[in-house]
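**Student:** Have a look at the structure that comes next, please.
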Amino acid sequence: MKSLSSKNPFLKAGGGTPDIDFIHLLLLGSSGVGKSTAVFAIINYLYNQNPASKFIISEMKQSDYLFAEHLPNVYLGDRAILAIDVAFNEIELRKKNRGREKTPYYLVVEELTSLFELAGKSKKEYQEKIRVILYTGRAFNIKLLAVSQDLLASALGEGSARNQFSLVIALGSLRSSVTKGLFELEEGQELQKNLPKRFGYLQRFDDGSNVIKIKVKQVPDINLLKGRVLDILGKSANVVEAVDPDSL
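If you count the sequence shown from 1, you need to add 186 to reach this note's numbering.
Here's what the structure looks like:
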């Protein structure tokens, strides 16, 4: 019988595993490089590190998380923007009630840049909410896992919000302009541009670590992994209490 690993889903090139504990994580990569599988594996890993963790999913394209669309903490399509409200409102609740349990909350957002466009006239409002999560999430144990094909600095509004990501991972082929904007490279350092599927680079920004080359571990049974993620998200379903306006 196949078993599902609860260990770190990444390997360092040359051996060992990278530290993927994070305050906020930015995961970039073009279509088909293994982002979705990596995120599923990260969710499984984080939950096994702390089973009290809660997850809120935002996916505008209605593809990867259709298997969990019946859950109240999974926001798909036109509702995807509401997941930001859940995390933001939970911060407000924790601000107002110091005794409120500060279990880890992870807001997982697919294609953040495109999601802001979905907000229409409310775009600036939701950009500001994401900025609040980025800047104050550490204090309230609320963390953002942003997944995108690209994330322009302008997508997060003015200022240094993009710099609040403590961990950045880029998978697959990388343009020089992207890597220079993402990573802090040593003088003269060049990253391989045409990486195969499941390979990429990782850098921590909270401890001054250098860029390292990584590989996403092979998942022997994606359906088994999805089943595990479905179970984890089901246990997080009570996060919707945070959007009740009467509780604010």
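The beta-carbon is built from N, C-alpha and C at its ideal position, and this holds for glycine as well.
In this text, all values refer to a predicted model and were calculated from it rather than measured experimentally.
Would you mind reading off the limits of the alpha helix (DSSP H) that contains Y312?
**Tutor:** K309 to F326 is the extent of the alpha helix (DSSP H) around Y312.
**Student:** Which of the three DSSP states is assigned to V354 in this structure?
**Tutor:** V354 falls in the strand class under three-state DSSP.
**Student:** Only counting the same chain, and skipping five residues up and downstream in sequence, which positions put a Cβ closer than 6 Å to that of V415?
**Tutor:** So the qualifying residues of the chain are F226 and I229.
**Student:** Name the DSSP beta bridge partners of G386, please?
**Tutor:** Paired residue(s): L357 and I400.
**Student:** Which residue spans inside the region 231 to 312 form an unbroken alpha helix (DSSP H) run of at least 4?
**Tutor:** List check, alpha helix (DSSP H) in window: 268 to 282 and 298 to 304.
**Student:** Return the bridge partner residues of A227 from the DSSP annotation.
**Tutor:** DSSP lists no partner for A227.
**Student:** Beta-carbon separation of L301 and A332 under 7 Å?
**Tutor:** No, the Cβ-Cβ distance between L301 and A332 is not below 7 Å.
**Student:** Using CA coordinates, which residue listed in G263, I319 and H210 is at the minimum distance from N168?
**Tutor:** The structure shown does not extend to residue 168, since the chain spans only 187 to 434, so no value can be given for it.
**Student:** With DSSP as the reference, label G420 as helix, strand or coil.
**Tutor:** The answer is helix: DSSP assigns G420 an H, G or I state.
**Student:** Going by DSSP in three states, G413 sits in which element: helix, strand or coil?
**Tutor:** In this structure, G413 counts as helix in the three-state DSSP scheme.
**Student:** In angstroms, rounded to a whole number, what distance separates the CA positions of N380 and F208?
**Tutor:** If I take the Cα positions, the gap works out to 27 Å.
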